[in-house]
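Here this note's numbering = 1-based position in the sequence shown + 150. Accompanying notes for the structure given below.
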Amino acid sequence: MNLSEEEFGFLSKEDLARLGELIAARKYHELLTFARNRMKLHPTVPAFAAVVGMCYNQLRKHDEARRFLEKQLDRFPNSSQLCFELGQAFLGLRESAEAEQAYRDAVDLADDDQQLLKSSYLTGLGGACWDQKKRDEALAYWREALELDPENQTAKAMVNTSTNEYGEAKAPAEVMDEMYHFQAIQTEKYLRERNTREFPTIMEATRVVGLIVKAWNADLAPRRDELALMSAAERSEIYAAVKVDFDAVSHPNEEEIAWPDDEDDDDDDEMIWQEGILPFLPEDAPAAMLFGSAALAAAGISMARLEEILQGAEPTEDEESKLEWAYDIVMPVFEATACRGTEDDIDAMMEAVATAREELEPEIAVAVVRAIRDVILEIASMEEKRSSKKKGKKRK
């Protein structure tokens with residue numbers, strides 16, 4: 151915690167020295183008593199409440215910290231340090247999504263000249279994102295934290311341990327770094343050629359990822375041993391040279407599933423599939439199949455064939471079996487995404503990988519599950535940004 155003159159400068163020299171001494175010595179029980187006493191003497195100063203919250207967190211009383219800090223934020227809604235400590239409490243409770251929001255609030259509330267504080271807040275925000283598998287966002291926040299404070303040792307360590315040889319966020323397993331790098335190169339190429347920065351529809355996003363995974367499995371996975379002997383620059387050159395058949399991605403049209411309209415709260419977007427299809431699966435299966443297209447592509451069902459089935463074509467017995475298999479992969483990934491940063495997240499992802507391995511080689515199975523997860527997270531991120539823009543318009 152930074153003892154800024156702005157927040158603690160009114161204290162006597164003795165009190166300021168005592169505060170610094172207790173923090174430096176990590177005597178959190180004594181510090182808690184000291185801060186609570188000073189809260190009574192200075193009831194309009196939020197900094198002491200932040201110290202109390204920090205003590206609870208350091209003593210691993212995270213639930214007590216959360217309750218205390220939420221109450222204090224009702225009194226001091228513009229305190230960035232209270233928001234930061236609330237983020238720490240949520241992180242201690244393994245509630246990563248709530249921690250992320252609290253850290254974001256802290257960053258937004260920090261003044262531009264509070265670079266050291268803002269660097270600390272961004273470090274926490276990166277940690278919350280990493281826990282939710284938002285690897286690229288996390289790395290970007292840690293790098294921003296270092297720009298504000300080059301001596302931020304925590305951010306420096308996180309950048310060093312979380313960056314692969316491509317300068318990108320490390321994958322959960324080293325073998326996956328290659329596929330993610332290929333996916334990033336090809337996705338950027340696709341969007342750049344179409345002069346856009348994001349996918350306009352869910353359908354287009356799932357088609358593109360499915361085609362990229364298919365190209366990886368066909369052209370690069372068999373060359374794994376050969377690629378391992380090359381430098382990162384040589385591999386990147388090969389990945390960029392691969393021709394993915396993006397012509398198979400049709401242009402968005404009215405019949406595709408569009409992103410929610412910023413001006414429309416109704417959930418009545420027209421679906422591309424016929425009613426009553428896939429009767430051998432739950433009624434949410436058509437939507438799940440869109441996300442499972444990467445798995446289906448790896449198992450031999452093309453996106454074009456999937457669209458035919460979703461529009462009413464009769465699947466073969468083998469296709470029915472593979473559609474059931476893909477559904478059983480996608481649903482645990484959805485569950486994992488909903489409980490990011492918890493043990494349930496890990497269990498659900500392991501269940502999805504185990505199911506994928508029934509039809510695919512182990513490394514390809516992991517790649518496919520991760521591809522599905524990436525699409526779900528990307529879409530969720532876009533939804534959040536659109537929702538945030540919408541709320542901003544309403545506030546204005």
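Beta carbons: idealized from backbone N, C-alpha and C, even for Gly.
Delimiting residues of the alpha helix (DSSP H) encompassing residue i
i: residue 509; result: Segment: none, residue 509 is in no alpha helix (DSSP H) and carries neither H nor E.
i: residue 212; result: 212-225
i: residue 375; result: 374-378
i: residue 485; result: 467-488
i: residue 332; result: 326-343
i: residue 196; result: 196-208
i: residue 280; result: 265-281
i: residue 179; result: 178-191
i: residue 258; result: 246-259
i: residue 292; result: 285-298
i: residue 448; result: 443-448
i: residue 232; result: 230-242
i: residue 163; result: 163-175
i: residue 388; result: 382-391
Cα-Cα separation between residue i and residue j, rounded to whole angstroms
i: residue 236; j: residue 345; result: 40 angstroms
i: residue 269; j: residue 305; result: 8 angstroms
i: residue 319; j: residue 191; result: 47 angstroms
i: residue 169; j: residue 498; result: 45 angstroms
i: residue 450; j: residue 505; result: 16 angstroms
i: residue 263; j: residue 495; result: 38 angstroms
i: residue 175; j: residue 311; result: 28 angstroms
i: residue 414; j: residue 225; result: Residue confidence for residue 414 is low, a pLDDT of 45 falling below 50, so the modelled location carries little weight; the figure read from the coordinates is stated next. For residue 414 and residue 225, the distance between alpha carbons rounds to 35 angstroms.
i: residue 180; j: residue 481; result: 49 angstroms
i: residue 335; j: residue 378; result: 18 angstroms
i: residue 211; j: residue 360; result: 45 angstroms
i: residue 358; j: residue 321; result: 20 angstroms
i: residue 275; j: residue 483; result: 23 angstroms
i: residue 454; j: residue 441; result: 14 angstroms
i: residue 399; j: residue 349; result: 12 angstroms
i: residue 459; j: residue 364; result: 19 angstroms
i: residue 500; j: residue 467; result: 27 angstroms
i: residue 291; j: residue 266; result: 14 angstroms
i: residue 242; j: residue 338; result: 36 angstroms
i: residue 509; j: residue 479; result: 11 angstroms
i: residue 452; j: residue 245; result: 38 angstroms
i: residue 488; j: residue 465; result: 31 angstroms
i: residue 287; j: residue 471; result: 37 angstroms
i: residue 375; j: residue 171; result: 56 angstroms
i: residue 373; j: residue 278; result: 36 angstroms
i: residue 166; j: residue 252; result: 28 angstroms
i: residue 418; j: residue 525; result: With a pLDDT of only 39 at residue 418, under the threshold of 50, the placement of this residue in the model should not be trusted, and no figure is reported.
i: residue 240; j: residue 185; result: 21 angstroms
i: residue 272; j: residue 209; result: 23 angstroms
i: residue 206; j: residue 177; result: 12 angstroms
i: residue 132; j: residue 507; result: Within the shown structure, residues of the chain are numbered from 151 to 546, placing residue 132 beyond reach of any answer.
i: residue 250; j: residue 370; result: 36 angstroms
DSSP bridge partner residues for residue i (one or two, in chain order)
i: residue 319; result: 313
8 angstroms contact criterion, which residue i and residue j should meet: CB distance rounded
i: residue 517; j: residue 326; result: 6 angstroms
i: residue 218; j: residue 195; result: Incorrect: roughly 15 angstroms between the Cβ atoms, too far for contact.
i: residue 316; j: residue 386; result: 7 angstroms
i: residue 189; j: residue 198; result: 4 angstroms
i: residue 527; j: residue 284; result: 7 angstroms
C-beta neighbour in chain B for residue i, strict 8 angstroms
i: residue 216; result: Absent from the structure: chain B. Only one protein chain is present.
Taking contact to mean at least 3 C-beta pairs separated by less than 8 angstroms, is the segment 226-233 in contact with the segment 256-273?
yes
Evaluate the contact criterion for the segment 440-452 versus the segment 461-478: three or more CB pairs, one atom per stretch, below 8 angstroms.
yes
The segment 324-336 contacting the segment 294-305, beta-carbon criterion three pairs below 8 angstroms
no
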